[in-house]
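Chemist: If you're matching positions, the sequence shown starts at 916 in the numbering used here and goes up one per residue.
Ideal placement from N, C-alpha and C gives every residue a C-beta, glycine not left out.
From a predicted model like this one, the values you see are computed outputs, not experimental measurements.
This structure is in structure tokens; I'll ask about it shortly.
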Amino acid sequence: MSTESATVRDLRRLWKPHKLRLNGVQSDHPTAVRFHRACSWLAEAEKMDPNDQSDLVLIQQWVAFNALYGQWDEVAHEPAPDRSRWMTFLKEIKDLDEEQRLPQLLLAERDLVIEILGNSYLNRSYWRAECPEQQQKFARAKFEAQSWYFEKRYLVILEQVLERVYLLRCQIMHGAATCGSQLNRDALAICTRILRLFMPIVLQVWIDHGSDRDWGALCYPPLSAPERLVRPR
916 MSTESATVRD LRRLWKPHKL RLNGVQSDHP TAVRFHRACS WLAEAEKMDP
966 NDQSDLVLIQ QWVAFNALYG QWDEVAHEPA PDRSRWMTFL KEIKDLDEEQ
1016 RLPQLLLAER DLVIEILGNS YLNRSYWRAE CPEQQQKFAR AKFEAQSWYF
1066 EKRYLVILEQ VLERVYLLRC QIMHGAATCG SQLNRDALAI CTRILRLFMP
1116 IVLQVWIDHG SDRDWGALCY PPLSAPERLV RPR
């Protein structure tokens, strides 16, 4: 099955034996819950028009990713910091990727990756620059990517690509972008495309190599009605 054809339905079918096994050990097993939550959001993203509803598609794609990497901070009693969690998770998934699906994606979609990295508006440093001259230099990121490819630094490339997607996600989620705006259409198009290719691979690696891994404390685990009534605040 190619990455392009790996729909949520396909992934759920492949996951089902692991789901039954895990839930036989523990009802609502955290690893099974994470997969279920991720697929629920990704399925909604699949239904949407990637052109007319790209804002919502990006949100749902990222929430699906967040369902996998999110972790509960048992000291602070709240979700662990977002950015550090997805970066840690990304390395874990890359290490588990025995079939090298992620490097294959980066090689197959090299032009798309370079386009994302070369988009100044997706570079957080661009927004910190004090003058246009400083801003222009950040367009050179795409040239740095050429050396990363040559050196096979695929984790660095993944981190840098997702850093750009995360910036756009933050702009939308924090009200720093207008819904349906034409100003960010190009950025949304390339970011939703890379997530549409990236997420099925992450879930495939999860299915093949991550079902028995401890992914950390689950945020807001599902509770029955009686448990919700007595759970301490």
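Look up E1059 in the DSSP assignment and say whether it is helix, strand or coil.
Modeler: E1059: helix per DSSP, three-state reduction.
Chemist: Quick check on the burial criterion: 16 or more other C-beta atoms within 10 angstroms. Buried or exposed for R1100?
Modeler: With fewer than 16 Cβ atoms within 10 Å of its Cβ, R1100 is classed as exposed.
Chemist: Given a cut-off of 8 Å, decide if P1136 and D988 are closer than it, judged by their beta-carbon atoms.
Modeler: Cβ distance not < 8 Å, so D988 and P1136 don't count as in contact.
Chemist: Whole angstroms are fine: how far does the CA of N938 sit from the CA of L971?
Modeler: Roughly 32 Å between the two C-alpha positions.
Chemist: Let me confirm a value: G1153 is counted as buried when at least 16 other C-beta atoms fall within 10 Å, else exposed. Which label applies?
Modeler: Lying before the first or after the last residue shown, residue 1153 is absent from the chain, which here runs from 916 to 1148.
Chemist: Would you check if the distance between the CB atom of V1071 and the CB atom of I1031 is smaller than 8 Å?
Modeler: Not in contact: V1071 and I1031 (Cβ atoms no closer than 8 Å).
Chemist: Please report how far the alpha carbon of P945 lies from the alpha carbon of A995, in whole angstroms.
Modeler: If I take the Cα positions, the gap works out to 16 Å.
Chemist: On the DSSP letters alone, give me the boundaries of the alpha helix (DSSP H) that H951 sits inside.
Modeler: Run containing H951: P945 to K962, per the alpha helix (DSSP H) assignment.
Chemist: Using a Cβ-Cβ cut-off of 8 Å (strictly less than) and excluding sequence neighbours within five positions of N1034, which residues of its own chain qualify?
Modeler: R1079, D1101, A1102 and I1105.
Chemist: According to DSSP, simplified to helix, strand and coil, what is D1127?
Modeler: D1127: coil per DSSP, three-state reduction.
Chemist: In the structure shown, what three-state DSSP assignment does T922 receive?
Modeler: Note: T922 maps to coil in three-state DSSP.
Chemist: Do W956 and I1122 have their C-beta atoms closer together than 8 Å?
Modeler: Going by C-beta atoms, W956 is not nearer than 8 Å to I1122.
Chemist: Give me, in chain order, the residues of the same chain whose beta-carbon lies closer than 8 Å to that of P1141; leave out the 5 immediate sequence neighbours on both sides.
Modeler: With a pLDDT of 47 at P1141, under the threshold of 50, the modelled position of this residue cannot be trusted, and the question is left open.
Chemist: Can you list, in chain order, the residues of its chain with a C-beta nearer than 8 Å to that of S969? Leave out the 5 residues immediately preceding and following it.
Modeler: Closer than 8 Å at Cβ, skipping near neighbours: R1100, L1103, A1104 and T1107.
Chemist: Do E1024 and L1083 have their C-beta atoms within less than 8 Å of each other?
Modeler: Taking 8 Å as the Cβ cut-off, E1024 and L1083 do not qualify as a contacting pair.
Chemist: For C1094, count neighbouring Cβ atoms within 10 angstroms of its own Cβ and tell me buried if that reaches 16, exposed if not.
Modeler: Exposed, because fewer than 16 other Cβ atoms sit within 10 Å of the Cβ of C1094.
Chemist: Could you tell me which residues DSSP pairs with P994 in its beta bridges?
Modeler: In DSSP, P994 forms a bridge with W987.
Chemist: Contact check, L1150 vs L1073 under 8 Å by CB: the rounded distance?
Modeler: The structure shown does not extend to residue 1150, since the chain is modelled only from 916 through 1148, so no value can be given for it.
Chemist: Can you tell which of D1127, D967 and A1056 has the C-alpha that lies nearest to the C-alpha of Q1097?
Modeler: Residue D967 is the option with its Cα nearest to Q1097.
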